[in-house]
Amino acid sequence: MNNVRTQLQQRVKTAIAEKTPLRICAGNSKECYGNKIKTNHDIDIKPYSGIIHYEPTELCITVRAGTRLAELEAELSKHQQILPFEPPSFTQNATIGGTVATGLSGPRRPYSGAVRDAILGVTIIDGQGEIVRFGGQVMKNVAGYDVSRLMTGAQGTLGILLDISLRLIPKPEHNITYQLPHSQQEALEYFTNTRHSNLPITASCHHKLQTYIRLSGSEKQLDELVKTYDIQTMEDGDDFWRDIRDQQHDFFQRNDKPLWRISCAPAAPLTQQVDIRTLLEWNGAIRWITSNMPANIIQNIAQKANGEAILFRGHVAGINTFKKPEPTLFRLHQRLKRQLDPKGIFNPNRLYEGL
Numbered sequence: 016m017n018n019v020r021t022q023l024q025q026r027v028k029t030a031i032a033e034k035t036p037l038r039i040c041a042g043n044s045k046e047c048y049g050n051k052i053k054t055n056h057d058i059d060i061k062p063y064s065g066i067i068h069y070e071p072t073e074l075c076i077t078v079r080a081g082t083r084l085a086e087l088e089a090e091l092s093k094h095q096q097i098l099p100f101e102p103p104s105f106t107q108n109a110t111i112g113g114t115v116a117t118g119l120s121g122p123r124r125p126y127s128g129a130v131r132d133a134i135l136g137v138t139i140i141d142g143q144g145e146i147v148r149f150g151g152q153v154m155k156n157v158a159g160y161d162v163s164r165l166m167t168g169a170q171g172t173l174g175i176l177l178d179i180s181l182r183l184i185p186k187p188e189h190n191i192t193y194q195l196p197h198s199q200q201e202a203l204e205y206f207t208n209t210r211h212s213n214l215p216i217t218a219s220c221h222h223k224l225q226t227y228i229r230l231s232g233s234e235k236q237l238d239e240l241v242k243t244y245d246i247q248t249m250e251d252g253d254d255f256w257r258d259i260r261d262q263q264h265d266f267f268q269r270n271d272k273p274l275w276r277i278s279c280a281p282a283a284p285l286t287q288q289v290d291i292r293t294l295l296e297w298n299g300a301i302r303w304i305t306s307n308m309p310a311n312i313i314q315n316i317a318q319k320a321n322g323e324a325i326l327f328r329g330h331v332a333g334i335n336t337f338k339k340p341e342p343t344l345f346r347l348h349q350r351l352k353r354q355l356d357p358k359g360i361f362n363p364n365r366l367y368e369g370l
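The working numbering puts the first residue of the sequence shown at 16, with every later residue one more than the last.
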């Protein structure tokens with residue numbers, strides 16, 4: 016793999032010398048999530064794959080960015096461990112590098128933390144063509160630690176991820192899922208109440224007048240909860256959450272309308288618009304919306320909930336995936352970009368116009 020790393024580094028140095036921007040790619044499973052990159056030159060990370068170091072007793076792993084999620088999770092499963100943020104795999108080609116670059120987490124995120132929370136350290140190729148490491152394999156307060164987390168969700172605009180060290184958690188012994196008939200407002204109230212309970216909740220969702228809750232723990236613990244609360248469990252609960260995570264659920268399969276993702280406070284008021292299909296996740300902190308309504312109406316819905324709307328999939332004229340931050344914050348983004356990628360080589364425009 017040292018040869019692959021050297022080849023990637025040389026490709027970056029050549030691009031810098033020729034002032035040629037690069038589109039960083041691997042599995043391309045999340046290509047829809049981001050703005051169109053203004054370059055025709057790709058750098059493929061897929062060949063740089065494999066596990067570098069994994070000691071199950073330490074609950075951490077270091078892996079190359081081109082490693083497929085399916086391969087990584089299969090290895091973790093052998094030792095009854097999982098990634099705490101339950102990352103989505105929109106295709107079988109999804110990689111851990113793309114997961115960190117997009118910062119996307121799955122159903123477990125409100126209960127076990129986001130991608131950023133699991134990052135212990137990264138090695139990158141920066142905009143000078145140098146290989147630089149930030150953080151470490153064990154969670155500790157070291158210089159540069161915050162920079163490793165900044166790579167999460169940066170969409171590859173700050174450098175090319177090479178090696179990623181991640182925190183792990185034990186795989187739950189058992190999961191059960193139950194559903195309840197609720198309106199959206201009743202679902203939000205239920206989410207609020209259960210957040211303050213002792214129930215071992217690891218996923219929550221509401222769609223089509225049904226609330227879905229996943230509980231995780233030992234088989235004995237869950238059997239006692241089933242008896243105590245007279246819970247009627249779903250037989251296909253694991254399949255249900257996999258479909259939600261990987262957007263294979265029927266809600267996500269209709270591609271006739273743009274898909275919006277609204278992030279807001281869990282108890283924020285809900286929209287009453289009739290031309291909108293919704294699915295709630297993360298105790299209501301994520302509102303998935305499909306609608307042909309004008310973008311300004313969708314964005315107003317998000318603003319009323321003190322949240323933010325992202326065009327996750329589909330095309331809306333004049334609208335980028337991510338809304339450009341207010342000027343002061345955008346200048347901070349630009350300053351960071353200049354420090355790590357002074358020539359603007361990596362994924363130009365992917366995150367924001369002009370970055």
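C-beta: ideal position from N, C-alpha, C; glycine also.
Computed from a prediction, not measured in an experiment: that's the story for all the values here.
May I have the straight-line CA-CA distance separating residue i from residue j, to the nearest angstrom?
i	j	result
His56	Leu285	43 Å
Glu296	Pro187	20 Å
Tyr160	Ile134	Below a pLDDT of 50, predicted positions are generally treated as unreliable, and Tyr160, at 41, falls in that range; no measurement from the model is reported.
Leu274	Ala129	22 Å
Gln200	Phe100	27 Å
Leu13	His221	The first residue shown for the chain is 16 and the last is 370, placing residue 13 beyond what the model contains.
Lys272	Val331	10 Å
Gly322	Cys279	4 Å
Ser120	Ala218	12 Å
Arg123	Thr207	17 Å
Gly144	Asp356	9 Å
Tyr367	Ile179	24 Å
Ser252	Ala89	Position check: residue 252 holds Gly in this sequence, whereas Ser was assumed. Looking at the two C-alpha atoms, the distance is approximately 20 Å.
Gly118	Ser198	30 Å
Asp238	Lys45	38 Å
Asn213	Glu204	16 Å
Gln268	Asn43	18 Å
Ile216	Tyr244	14 Å
Asp310	Lys235	A small correction: the amino acid at residue 310 is Ala; Asp does not occupy that position in the sequence shown. Answer to the nearest angstrom: the Cα atoms are 49 Å apart.
Arg131	Glu341	23 Å
Ala32	Gly168	27 Å
Going by DSSP, which residues form a beta bridge with residue i?
i	result
Gln194	Tyr227
His222	Gln225
Trp275	Ile304 and Leu326
Gln96	Pro185
Gly171	DSSP, once it has assigned bridges, lists no residue as partnering Gly171.
Arg131	According to DSSP, Arg131 bridges with nothing at all.
Arg83	Thr110
Phe361	Leu37
Val137	Phe149 and Ile179
Going by alpha carbons, who is nearest to residue i out of the options?
i	options	result
Ala30	Arg124, Ile58, Leu119 and Asn50	Ile58
Ile146	Ile301, Leu23 and Lys242	Leu23
Gly329	Leu119, Leu176 and Arg276	Arg276
Lys377	Gly112, Ile334 and Arg346	This structure gives no information on residue 377, because the portion of the chain shown stretches from 16 to 370.
Val78	Phe255, Leu181 and Met249	Leu181
Gln26	Ser233, Asp141 and Ile191	It should be noted that the sequence gives Arg, not Gln, for residue 26. For the residues Ser233, Asp141 and Ile191, the minimum Cα distance to Arg26 belongs to Asp141.
Thr110	Ala32, Leu230 and Ile66	Ile66
Ile259	Glu234, Lys358, Ile301 and Ser231	Ile301
Glu9	Gly118, Leu183 and Asn43	Absent from the model: residue 9. The displayed extent of the chain is 16 to 370, so no value can be given.
Leu230	Tyr126, Phe267 and Ser64	Tyr126
Asn190	Ile97, Gly232, Asn311 and Asp254	Gly232
Thr372	Glu86, Phe255 and Thr243	Outside the displayed range of the chain (16 to 370) lies residue 372, so it cannot be described from this structure.
Lys352	Leu370, Thr343 and Ile228	Leu370
Asn270	Lys28, Cys47, Ala32 and Thr21	Cys47
Asn108	Val241, Ser64, His68 and Ser163	Ser64
Leu326	Met308, Ala320 and Glu341	Met308
Pro281	Ala320, Thr106 and Pro340	Ala320
Gln349	Leu173, Leu87, Lys235 and Lys28	Leu173
Gln318	Phe345, Ala283 and Arg346	Ala283
Residues in the same chain with beta-carbon distance under 7 Å from residue i, minus the five sequence neighbours each way, listed in chain order, please.
i	result
Gly171	Ile39, Ala116, Phe361, Asn362 and Arg365
Lys155	Summary for Lys155: the model assigns pLDDT 43, below 50, so the residue's position carries little reliability; its value from the coordinates is reported in the next sentence. Here the set comprises nothing.
Arg210	Asn298
Pro62	Val19 and Gly81
Leu176	Ala80, Gly112, Val115, Ala116, Val137, Ile139 and Met166
Within its chain, find whatever has a CB closer than 6 Å to the CB of residue i; leave out the 5 residues flanking it on each side and keep chain order.
i	result
Ser104	Leu84 and Asp261
Ile11	Summary: the structure shown does not reach residue 11, with the chain confined to residues 16 through 370, and so no result is reported for it.
Met16	none
Ile246	Tyr193
Gly49	Gln170, Thr336 and Arg365
Leu294	His222, Phe266 and Trp303
Ile60	Ala41, Ala80, Gly81 and Gly112
His68	Thr77
Looking at residue i and the ligand MG, is the gap between the Cβ and the nearest heavy atom below 8 Å?
i	result
Thr293	Only the bare structure without any ligand can be found here, which leaves the ligand MG out of the picture.
Report all residues from its chain with a CB closer than 8 Å to the CB of residue i; omit the five preceding and five following residues, and keep chain order.
i	result
Val153	Summary for Val153: the model assigns pLDDT 47, below 50, so the residue's position carries little reliability, and this model does not support an answer.
Ser92	Lys186
Gln314	Ala324 and Lys338
Gln263	Arg257
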